[in-house]
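Engineer: Our numbering numbers the first residue of the sequence shown as 1 and each following residue consecutively.
Quick one: this structure, given as structure tokens, is what I'll be asking you about.
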Amino acid sequence: MTGGGELRFALVGHGFMGAAHSQALRVAPAFVDLPLAPVMATLVGRDVAATRAAADRWGWRSTAADWHDVLDDPEIDVVDICSPGSTHVEIAVAALEAGKHVLCEKPLANTVVEAERMAEAAASAAERGVFAMVGFSYRRVPAVTLARDVVRSGRLGEVRQVRAQYLQDWLVDADDPMTWRLDKSVAGSGALGDIGAHAVDAAQFVTGSAVTEVSGTLHTFVTERPLVDESVATSGLGGVAGSERGAVTVDDAAWFTARMEGGAIASVEASRFATGRKNAFRLEVSGSRGAVAFDLERPNELELLEVDGPDSGFRRVLVTEPEHPYVGAWWPAGHGLGWEHAFTHQLSDLVVALAAGRQPTPSFADGLRVQRVLDAVERSSGAGSVWTPVG
Ligand code: SOE
């Protein structure tokens with residue numbers, strides 16, 4: 001599979017996530033001791049000129065216009081999927097069948113049926129030593145990993161409540177134009193799948209408990225938006241609004257209450273209409289003997305309360321010591337890490353697992369578990385918020 005101590009990547013998609021994954025590939029070998037050297041072999045995108053420009057900017061050796069080409073290429077070991085959700089199942093299943101390891105962006109798929117196909121393909125590939133991972137990057141923010149360690153050590157006692165919020169506001173202006181993220185046939189769902197999926201995964205990851213039942217509400221505040229005027233070229237994200245309008249077919253925000261294995265109750269909110277909140281992912285776990293709280297707006301901190309401790313109230317743990325998860329590879333204590341570092345940690349963990357012939361986490365089975373929660377929330381909302389078991 002791997003060639004000469006290298007792990008050769010093909011990356012499908014060159015949007016926002018393509019940039020984040022490319023940055024991880026560039027930076028990881030410079031900071032983390034890796035058993036195999038990741039190679040940025042081929043960037044795949046349908047728009048030949050845009051793909052070439054992105055490849056040159058980010059450091060990819062070659063480009064391809066069709067993802068099938070990299071499946072036939074014996075020089076590729078890993079296919080990294082950063083294209084919209086509607087493409088995940090076809091590319092991931094074909095790549096695994098072609099003997100390529102797969103890293104796939106979240107949510108795993110657009111439907112449970114697709115996610116099941118992917119998990120099945122991953123399980124059978126794993127028997128052949130070919131592995132798949134889904135990109136829930138926030139697991140690898142050092143403070144979130146530390147929260148997992150603290151909660152799972154039992155120091156906080158019995159976990160009773162989980163509060164997870166993922167708040168953005170990039171859709172607040174009703175005149176902002178449509179994007180693929182607002183089209184159900186491409187994105188699968190809206191805030192629920194795009195950012196609620198992170199909240200669900202983090203809640204399950206930190207507590208080690210699965211969501212078993214949900215009562216949810218989805219809402220779309222702006223049901224029609226201007227279509228992008230394709231005649232106006234833009235260099236950045238998004239486009240310029242034209243005069244025609246199109247239907248928004250996904251949720252703008254999602255709320256749900258959940259029961260978790262072990263008896264905890266969770267409340268989850270995901271919104272693209274949380275005015276003033278740009279990318280605020282928060283997670284709080286309340287136990288019988290303590291609590292932890294994380295806020296992505298302060299990514300290097302974890303608030304920790306232990307009721308048996310010497311003083312009351314939360315204390316701020318600065319998660320920048322070399323002994324904290326992932327931090328030792330980076331800067332001296334106190335210098336801090338940011339959003340992009342989670343992608344570097346994700347990539348490094350993937351390389352280490354593949355070099356050892358081990359299943360990396362989160363697996364496609366973990367991605368399927370999240371997909372089932374998202375699906376249950378949609379079904380619950382459609383049925384008037386009734387309590388709905390996770391399938
Ligand atoms: C867009 O809403 C988005 O890029 C998500 O797709 C990512 O998963 C999240 O990390 C940031 O916001």
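The beta-carbon is built from N, C-alpha and C at its ideal position, and this holds for glycine as well.
Everything numeric in this text was worked out from a predicted model, so none of it was measured.
1) Any heavy atom of ligand 1 within a distance shorter than 7 Å of the CB on I195?
2) Flag H198 as yes when its Cβ comes closer than 7 Å to any non-hydrogen atom of ligand 1, and as no otherwise.
3) Looking at the unbroken alpha helix (DSSP H) that takes in R52, where does it start and where does it end?
4) Run through DSSP, which three-state label would M1 get?
5) Per the contact definition of three or more C-beta pairs closer than 8 Å, is the segment 345-352 in contact with the segment 16-31?
6) Do three or more CB pairs link the segment 218-230 to the segment 173-182 at distances below 8 Å?
7) Helix, strand or coil, according to DSSP, for V186 in the structure here?
8) Find the nearest neighbour of W58 within the set V39, V307 and G367, judged by alpha-carbon distance.
9) Taking T275 as the reference, give the member of M133, A37 and D169 with the closest Cα.
10) Please state the DSSP three-state secondary structure of H68.
11) Hey, would you say the C-beta of Q168 is under 7 Å away from at least one heavy atom of ligand 1?
12) What residues in its chain sit with their C-beta under 6 Å from that of A365, if we drop five residues either side in the sequence?
13) Can you list, in chain order, the residues of its chain whose CB lies under 6 Å from that of A293, leaving out five sequence neighbours each side?
14) Using beta-carbon positions only, say whether H21 and L11 come within less than 8 Å of one another.
15) Could you compute how far the alpha carbon of S231 sits from the alpha carbon of G239?
16) What's the gap between the Cα of N300 and the Cα of E323?
17) Assess, as a yes-or-no matter, whether the segment 59-76 is touched by the segment 306-315 under the definition of 3 or more beta carbon pairs within less than 8 Å.
18) Skipping 5 residues on each side, what residues in its chain have a beta carbon closer than 6 Å to that of R163?
19) Do you know offhand how far A376's Cα is from D73's?
20) What does DSSP give as the partner residues of F9 in its beta bridges?
21) Does DSSP put W255 in a helix, a strand or coil?
Structural biologist: Let's see:
1) yes
2) yes
3) V48 to W58
4) Bear in mind that a pLDDT of 44 at M1, under 50, signals an unreliable position, so the model cannot answer this.
5) yes
6) yes
7) helix
8) V39
9) D169
10) helix
11) yes
12) A119
13) E284 and E303
14) yes
15) 10 Å
16) 14 Å
17) no
18) S267 and E284
19) 39 Å
20) M40 and V78
21) strand
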